[in-house]
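Protein chains in written order, with my numbering: chain A, 1481 to 1619; chain B, 1481 to 1619; chain C, 1481 to 1619.
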């Protein structure tokens, strides 16, 4: 019999950039009581986002952060800067990555590949507290 | 007992760029008869896409439109231009944003953050009629 | 009565770039025994990704490949290059496109638009074997 569960996970990044949350998700999954199904991760913000990336090489993580800093730079020709120079690039970097991810679950574990980790991509230097909604459906 | 519902939502953008569709989605949700679950929004096109963005500041919306106009410009070195100069950039901007979004639902409302709105990102100046598939599963 | 099914689809791209997998997905769907619901496609890698794109014009496909080659070039200022010059751009191109897609299903067929195809975007020249997880829920 299929059923569902959900929760809101509050998270504060330790710094702007990629913050791995794989363990936070795994921990909730391990006690949600649904073993096989689909986990959806939803970020309730437009200045932070989600990315699945290489979980082993810190250099890859730094390259990815530097790349997005070049691709959507702080010194762009922006009209919207109410909250400072990291405001508009945060929205752009969010639009270029993901606000939501769904990951199949088997044996109460995400079916991630060997080198995959799930990251909160915090785009604001102030690292405000964030809310991630988790929704799990399955049996 | 879990169940599902779905529909095809026809939408014509009023102009190229970000067109908020949050209310269109909320309106269907309010009468779909499923209160808690997961809403999936699927755009049946490769020259229009979906973005969750800041719903309050029009300047942020304009900046985002101008950013994608620079990032995937009309005057690029494209081979494919059967339908004019806004044809290939439309495909690129779609690939860089989202074709599908899934959003958890509680009390028959999307669990969006305070500043989040759902937008159809219309990339063609001709603003053809578009079809968005909505799928809702829950109870 | 809702139920679910899942499988792991092994795929090896014939070349780096966009490889259409629509038929592979359709083939599994046609025998999964669930007619209406939601199909989720999850790529278990950080150097290959998923894109829904124009399935008719080969020129559009080539333009898209060339665009991402310019946007995240091989000769960037990368720190991480353990596996060669196509290593870090592969991670960047994955982050810019999708690791996961969910597509509504009706009559055992994906509700794709007329011009939409699902592609594995292989970013490594060595085209290693890849694993795509398919999860289907519905009735």
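We put the beta carbon where it would ideally sit given N, CA and C, even for glycine.
Subject >> Chain-ordered chain B contacts of residue 1618 (chain C) [CB-CB under 7 Å] >> reply: 1484
Subject >> Residues that residue 1519 (chain A) bridges to, as DSSP identifies them >> reply: A:1583 and A:1616
Original post:
Just the Cα atoms here: how many angstroms apart are residue 1581 (chain C) and residue 1537 (chain B)?
Top reply: 29 Å
Original post:
What's the C-alpha gap between residue 1554 (chain C) and residue 1605 (chain C)?
Top reply: Rounded to the nearest whole angstrom, the C-alpha separation of residue 1554 (chain C) and residue 1605 (chain C) is 12 Å.
Original post:
Since residue 1499 (chain A) is in the alpha helix (DSSP H), which residue starts that stretch and which ends it?
Top reply: First-last for residue 1499 (chain A): 1497-1500, but that is the beta strand (DSSP E), not the alpha helix (DSSP H).
**OP:** For residue 1534 (chain C), return the contacting residues in chain B, with the cut-off set at a CB-CB distance below 7 Å.
**Re:** Neighbourhood of residue 1534 (chain C) in chain B, by CB distance below 7 Å: 1526 and 1571, in chain order.
Subject >> Between the CA atoms of residue 1586 (chain B) and residue 1510 (chain B) - distance to the nearest angstrom >> reply: Going by the C-alpha atoms only, they are around 11 Å apart.
**OP:** Note down, in chain order, each residue of its chain lying with its Cβ closer than 7 Å to the Cβ of residue 1517 (chain A), except the 5 sequence neighbours on either side.
**Re:** 1585, 1616, 1617, 1618 and 1619
Original post:
By DSSP, does residue 1602 (chain B) sit in helix, in strand, or in coil?
Top reply: strand
Original post:
For chain B, is any of its Cβ atoms less than 9 Å away from the one on residue 1530 (chain A)?
Top reply: no
Original post:
If you run the structure through DSSP and keep just helix, strand and coil, what is residue 1608 (chain B)?
Top reply: coil
Subject >> Per-residue DSSP class, three states only, for residue 1553 (chain B) >> reply: coil
**OP:** For residue 1596 (chain B), I'd like the list of residues in its chain whose CB is within less than 7 Å of its CB, leaving aside the five on either flank, ordered along the chain.
**Re:** 1532 and 1535
Subject >> Near-chain C residues of the segment 1533-1560 of chain A (beta-carbon distance less than 7 Å), N- to C-terminal order >> reply: The segment 1533-1560 of chain A vs chain C, Cβ under 7 Å: 1533, 1534, 1537, 1539, 1540, 1542, 1543, 1544 and 1547.
Original post:
Is it right to say residue 1488 (chain A) is buried, meaning 16 or more other beta carbons lie within 10 angstroms of its own, or is it exposed?
Top reply: exposed
**OP:** Give a single yes or no on whether residue 1512 (chain A) has its beta carbon closer than 8 Å to a heavy atom of the ligand ZN.
**Re:** This structure lacks the ligand ZN; in fact it carries no ligand of any kind.
Subject >> Meets three-Cβ-pair contact criterion under 8 Å: the segment 1540-1547 of chain A and the segment 1483-1499 of chain A >> reply: yes
Original post:
Bridge partners of residue 1503 (chain A), per DSSP?
Top reply: According to DSSP, residue 1503 (chain A) shares a beta bridge with no other residue.
Subject >> Proximity of residue 1519 (chain C) and residue 1530 (chain C) at Cβ, strictly below 9 Å >> reply: no
Original post:
Exposed or buried, what is residue 1481 (chain A) when buried is set at 16 or more other beta-carbons lying within 10 Å of its beta-carbon?
Top reply: Within a 10 Å sphere around the beta-carbon of residue 1481 (chain A) sit fewer than 16 other beta-carbons, which makes this residue exposed.
Subject >> alpha helix (DSSP H) segment containing residue 1576 (chain B), residue limits >> reply: 1567-1576
Original post:
Between residue 1549 (chain C) and residue 1572 (chain C), which are expected to be in contact by the criterion C-beta below 8 Å, what is the C-beta distance as a whole number of angstroms?
Top reply: That pair is no contact at about 11 Å.
**OP:** Pull up the CB-CB distance for residue 1566 (chain A) and residue 1603 (chain A), whole angstroms please, since I reckon it's below 8 Å.
**Re:** 7 Å
**OP:** Please classify residue 1574 (chain B): is it buried, with 16 or more other beta-carbons within 10 angstroms of its beta-carbon, or exposed?
**Re:** buried
**OP:** Spell out whether any CB of chain B is found under 9 Å from the CB atom of residue 1615 (chain A).
**Re:** yes
Original post:
With C-beta atoms as the reference, is residue 1508 (chain B) less than 9 Å away from residue 1600 (chain B)?
Top reply: Judged by their CB atoms, residue 1508 (chain B) and residue 1600 (chain B) are not nearer to each other than the 9 Å cut-off.
Original post:
Leaving out the 5 sequence neighbours to the left and right, which residues in its chain are closer than 6 Å to residue 1484 (chain B) when beta-carbon positions are compared?
Top reply: Here the set comprises 1617.
**OP:** Please check if any C-beta of chain B sits within less than 9 Å of the C-beta of residue 1595 (chain C).
**Re:** yes
**OP:** For residue 1576 (chain B), go through chain A and note every residue whose CB falls closer than 7 Å to its CB, in chain order.
**Re:** 1576
Subject >> Sub-9 Å separation of residue 1491 (chain B) and residue 1598 (chain B) beta-carbons >> reply: no
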